[in-house]
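**Q** Numbering (my numbering), first residue to last: 1 to 125.
The beta carbon of each residue, even a glycine, is placed where N, CA and C say it ideally should be.
Quick one: structure below, then a few questions.
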Amino acid sequence: MARKLFSEISPLTYKISLVPQQVQRNVQDRVSRAVFTKEHQGQDLPVKIYAHNSLIRRRLGNTQPELQEGKAKSLAIAAPLVDGVVIRPGQSFSFWRNVGGRCQGVEATWGSPASSRANASVGVR
1 MARKLFSEIS
11 PLTYKISLVP
21 QQVQRNVQDR
31 VSRAVFTKEH
41 QGQDLPVKIY
51 AHNSLIRRRL
61 GNTQPELQEG
71 KAKSLAIAAP
81 LVDGVVIRPG
91 QSFSFWRNVG
101 GRCQGVEATW
111 GSPASSRANA
121 SVGVR
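Structure follows, in structure tokens:
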């Protein structure tokens, strides 16, 4: 049996393991002096440079429907927070700063969802 990582022991140790990474990210942001965009335009801009349309819920192999529903809920939460963001020259876009961090839901390990954790809380903040 493989040895568990500190973050895998319990929910508390997971939260503890996040702190150094969050501090490191905040220090990197300050040292780099990156200017993150905060401006939101309430109305559509006059010119559309790029548009993309894809299926949100689709059946791929043995993908669980709960995961597809969770993806749809996550996109429904994120889309209004990202729509209308204006990124000016010299500014950086940060998904985390505009939408927020992870929320309770299905966790992925090495690119695969932990299927035993797929439940009704998927995509719920």
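Measuring alpha carbon to alpha carbon, tell me which residue in Ser7, Ser32 and Val31 is nearest Pro20.
**A** Closest by alpha carbon: Ser7.
**Q** Taking buried to mean at least 16 other C-beta atoms within 10 Å of its own C-beta, is Arg125 buried or exposed?
**A** Any answer about Arg125 is weak, because its pLDDT of 47 lies below 50 and its placement is not dependable; what the coordinates show is given next. Label assigned to Arg125: exposed.
**Q** Span of the alpha helix (DSSP H) holding Lys71?
**A** It spans Pro65 to Val82 - the alpha helix (DSSP H) in which Lys71 sits, taken as one unbroken run.
**Q** Measure the beta-carbon distance from Arg58 to Ala72 and round it to whole angstroms, keeping in mind my assumption that it falls under 8 Å.
**A** Not a contact, Cβ separation roughly 11 Å.
**Q** Go to Ser17, then tell me how far its alpha helix (DSSP H) extends in each direction, as first and last residue.
**A** Counting along the chain, the alpha helix (DSSP H) containing Ser17 begins and ends at Pro11 to Ser32.
**Q** Between the C-alpha atoms of Arg97 and Gln41, what's the straight-line distance to the nearest angstrom?
**A** Arg97 and Gln41: Cα-Cα distance of roughly 16 Å.
**Q** Can you tell which of Phe95, Asp29, Lys4 and Pro46 has its C-alpha closest to the C-alpha of Leu75?
**A** Closest option to Leu75, Cα to Cα, is Phe95.
**Q** Go to Arg59, then tell me how far its alpha helix (DSSP H) extends in each direction, as first and last residue.
**A** Careful: Arg59 lies outside any alpha helix (DSSP H) and carries neither H nor E.
**Q** Sort Arg3, Gln22, Met1 and Val86 by Cα distance to Pro46 and report the nearest one.
**A** That would be Val86, whose Cα lies nearest to the Cα of Pro46.
**Q** CA-CA distance, Gln91 and Asn53?
**A** Rounded to the nearest angstrom, the two C-alpha atoms are 26 Å apart.
**Q** DSSP three-state label for Phe6, please.
**A** Reduced to three states, the DSSP call for Phe6 is helix.
**Q** If I measure Cβ to Cβ from Phe36 and keep anything under 6 Å in the same chain, skipping five residues before and after, which residues do I get?
**A** Result list for Phe36: Ser92, Ser94 and Arg97, in chain order.
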